[in-house]
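Below: the structure, in structure tokens.
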């Protein structure tokens with residue numbers, strides 16, 4: 097849960113920093129200078145996580161990577177059939193109708209909840225939270241904390257003076273959703289290890305973090321939600337084929 101604590105501290109820290117008179121600089125924060133660095137870190141976290149889980153033998157490593165990549169393809173196909181990205185986009189459009197306009201109009205609780213829900217759709221959240229819950233690898237959530245802090249800064253500075261509790265509502269939505277995934281992974285950690293699929297699930301998370309790098313950099317809009325079933329497919333394939 098260390099990653100969630102880092103996220104909470106980073107979020108509260110940026111809210112304290114922007115607690116200067118709001119609405120005097122209604123300009124969105126330029127994220128361009130952050131994107132490439134964050135994308136590079138996401139790629140590094142993903143690659144190192146995959147390498148960490150590889151078997152020591154070359155043949156075993158090739159077989160393991162084959163299982164992981166095939167599971168990723170099956171996950172993408174499953175996500176497309178289920179329409180995960182389409183559903184997520186539709187939910188995002190619905191939430192957008194409740195967002196405050198950056199014209200100096202104060203926000204309210206529904207607006208704060210909507211902002212928090214949209215920020216909770218960060219592509220790093222689910223795989224990074226699962227890694228923290230399974231093996232206490234908090235680096236992915238630390239990176240996500242930076243992205244959350246930048247996004248919260250942009251939203252809060254774009255609004256006129258608002259109640260101090262409302263930015264905390266935004267942060268609370270993110271942390272609640274994240275904690276559910278981290279706590280769920282931690283609760284299942286012993287069982288997954290007993291089944292011999294913990295490493296495969298960690299590899300799936302690393303692949304998803306790696307795949308999020310282009311989206312974070314703003315290079316292309318990837319359908320990341322469609323890849324989420326890989327979190328099931330890769331461990332399932334590893335379990336099925338481990339005796340082969």
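Numbering (the numbering used here), first residue to last: 97 to 340. Just so it is clear, CB atoms sit at the ideal spot from N, CA and C, and this is done for glycine as well.
- Contact between the stretch 138 to 157 and the stretch 276 to 291 is not established, with fewer than three Cβ pairs separated by less than 8 angstroms.
- Secondary structure of residue 322 (DSSP, three-state): helix.
- When the Cα atoms are used, residue 102 and residue 175 turn out to be separated by approximately 31 angstroms.
- For residue 223, the enclosing alpha helix (DSSP H) stretches over residues 221 to 231.
- Residue 297: member of the alpha helix (DSSP H) spanning 294 to 307, first to last residue.
- Inter-segment contact for the stretch 290 to 301 and the stretch 225 to 242 is present: three or more beta-carbon pairs are separated by less than 8 angstroms.
- The count of Cβ pairs closer than 8 angstroms, one atom from the stretch 305 to 317 and one from the stretch 148 to 159, stays below three, leaving the stretches out of contact.
- Counting every other CB atom within 10 Å of its CB across the protein chains shown gives residue 276 a total below 16, marking it as exposed.
- If you check the CB distance, residue 320 and residue 239 do not come in under 8 angstroms.
- Taking the CA atoms as reference points, residue 293 sits about 6 angstroms from residue 335.
- Between residue 216 and residue 270 the beta-carbon gap is near 5 angstroms, inside 8 angstroms, which marks them as a contact.
- Residue 266 is a Cβ neighbour of residue 211, given a cutoff of 8 angstroms.
- Between residue 214 and residue 236, the gap from beta carbon to beta carbon reaches 8 angstroms or more.
- Per DSSP, residue 183 is one residue of the alpha helix (DSSP H) stretching across 180 to 192.
- In the three-state DSSP reduction, residue 216 falls in the coil class, being neither helix nor strand.
- Cβ atoms of residue 332 and residue 171 stay farther apart than 8 angstroms, at about 10 angstroms.
- For residue 329 against residue 167, the beta-carbon gap comes to about 4 angstroms, under 8 angstroms, which counts as contact.
- Residue nearest to residue 100 within the set 162, 268, 317 and 296 is 268 (criterion: CA-CA distance).
- Nearest in C-alpha terms to residue 282, of all of 232, 290 and 296, is 232.
- Of the other Cβ atoms in all chains shown, fewer than 16 fall within 10 Å of the Cβ of residue 190; this residue is therefore exposed.
- Excluding five sequence positions before and after residue 134, the CB atoms of its chain that fall closer than 7 angstroms to its own CB belong to 239, 242, 243 and 312, given in chain order.
- Residue 323 has its alpha-carbon roughly 20 angstroms from the corresponding atom of residue 149.
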